[in-house]
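Enquirer: If you scroll down you'll find the structure; I have some questions about it.
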Amino acid sequence: MSTWITSIEGTAAGHQAALVLALSAAFLHALFGSLQKGRLDPWTSRGIMDVFMFAMAIPVVLFLVPAPQGAEWLLVLGAVPIHFAYKVGMAMAYTRGAYTVVYPVVRGTAPAFTVLGAWMIFGEAFTPVQIAGVATLLAGIFGLALYNLRHIVVARDTLVPALAFAVGTGALVAFYTTYDALAIRTLPNPFTFLAWFFLLTNLDFPALLAWRWTSLPLRPTATEVLRNGFLGALVAYGSFGSVMLATRLDKVGEAAVLRETSTVFAALIGWLVLKETVGPRRIALMTLIALGAVIVEMGG
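Residue numbers (the UniProt record's numbering): 1 to 300.
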């Protein structure tokens, strides 16, 4: 698989594969985010997911992929504090605000910073049409967040700190997207980075969960462990793995922008699963997000 991935880098086939991977990551990340909102608090939900992600990575790093060599370890280890900060930011935002308000702000903040980072680090440049597409997509995302902010009645007393955490976490999304792209492009085998990434970045929240276990107001049932843990881990592997591979195959900025169509999927999940209200205005804003993604893709 790694040989095939490296063979299509920078080709038309690689571009198409990156498109599919980025859109897959969008849907899966929205699903992953929704699993952190429910009966359990986000810290507990994420801790359970990370236990399964860590366990699934063990046989892969032991038997299926080569270990990082020399300075490659620094790139792998560097991802740990970045993703820990991101996970803390998401948990802080989710505990203070409604999913359909917090999630669009996080995802809307990230693309602009990521496009800038991709230009500075990888020398990527967007065409004027693509820049217009990014602006269209961001208008839809932040419009969706503002609409939700006006109409959602859940947790309104903590919305200001929730939005502050959401903006800060969006900046961290841009940071880790750019950093992970640099790392996965540097290591000869992309799956070496992915496997060790999933092993090492999923030690922290299980440790926090163990420390908090005796004081948890609600403990997970066996069903919740399987749903949030096992299912969440599979979704996370697909989400984070897909977008990282997309950034290896094609432009980092394009992959990041396309991934932010996750806000459309998040709104649908909020409506269908979490029973949050969706009206014609929100549908129009979701259409604007999708249109922006199409413009970015067609304008390249």
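Glycine is no exception: its CB is placed at the ideal position from the N, C-alpha and C atoms.
Under 8 Å: do the stretch 292 to 300 and the stretch 122 to 142 share three or more Cβ pairs, one atom per stretch?
Expert: Touching, yes.
Enquirer: Checking 9 Å against the spacing of the C-beta atoms, do F27 and N202 come in under that value?
Expert: No, these two residues do not count as a Cβ contact at 9 Å.
Enquirer: Exposed or buried, P190, counting other C-beta atoms within 10 Å across all chains shown (16 or more means buried)?
Expert: buried
Enquirer: Which complete alpha helix (DSSP H) runs does the stretch 164 to 243 hold, if anything under 4 residues is left out?
Expert: 190 to 200, 204 to 212
Enquirer: Do M49 and A236 have their C-beta atoms within less than 9 Å of each other?
Expert: yes
Enquirer: Have a look at A91, A207, T261 and flag the residue whose alpha-carbon is nearest the alpha-carbon of V243.
Expert: Distances from the CA of V243 to each of A91, A207, T261 were compared; the closest alpha carbon is that of T261.
Enquirer: Leaving out the 5 sequence neighbours to the left and right, which residues in its chain are closer than 8 Å to G238 when beta-carbon positions are compared?
Expert: S24, A25, L28
Enquirer: Between the alpha carbons of A125 and W213, how many angstroms are there, rounded?
Expert: Approximately 48 Å between the Cα atoms of the pair.
Enquirer: Using C-beta distances below 7 Å, list every residue in its chain close to L218, excluding the 5 sequence neighbours before and after it, in chain order.
Expert: The answer, listed in chain order, is R39, L40.
Enquirer: Would you mind working out which of S215, R282, A93, F32 sits nearest L159, comparing C-alpha positions?
Expert: A93
Enquirer: Return yes when the C-beta of H29 is under 8 Å from any heavy atom of the ligand GDP, and no when it is not.
Expert: Ligands in the displayed structure: none, and consequently the ligand GDP is not present.
Enquirer: Report buried or exposed for M286, applying the criterion of at least 16 other Cβ atoms within 10 angstroms of its Cβ.
Expert: buried
Enquirer: Work out the CA separation of L208 and G47 for me, nearest whole Å.
Expert: 7 Å
Enquirer: Would you call the CB atoms of T192 and A18 closer than 9 Å?
Expert: no
Enquirer: Assign R107 to one of three DSSP states: helix, strand, or coil.
Expert: helix
Enquirer: DSSP state of L40, grouped into three classes?
Expert: coil
Enquirer: With C-beta atoms as the reference, is L75 less than 9 Å away from A195?
Expert: Between L75 and A195, the CB-CB gap reaches or exceeds 9 Å.
Enquirer: According to DSSP, is F126 helix, strand or coil?
Expert: coil
Enquirer: When the Cα atoms are used, what is the spatial distance from R150 to T100?
Expert: 12 Å
Enquirer: Give the straight-line distance between the Cα atoms of I58 and G232, rounded to the nearest whole angstrom.
Expert: 17 Å
Enquirer: In the structure shown, what three-state DSSP assignment does T95 receive?
Expert: coil
Enquirer: To the nearest angstrom, how far is the alpha carbon of A12 from that of A255?
Expert: 15 Å
Enquirer: Tell me the DSSP secondary structure of T247 in three-state form.
Expert: helix
Enquirer: For N148, which residues from the same chain have a beta carbon less than 8 Å from its beta carbon, with the 5 sequence-adjacent residues on both sides left out?
Expert: A98, T100, V101, P104, R282
Enquirer: State the CB to CB distance for the pair V252 and T114, rounded to an integer number of angstroms; the pair is presumed to be in contact (CB under 8 Å).
Expert: 7 Å
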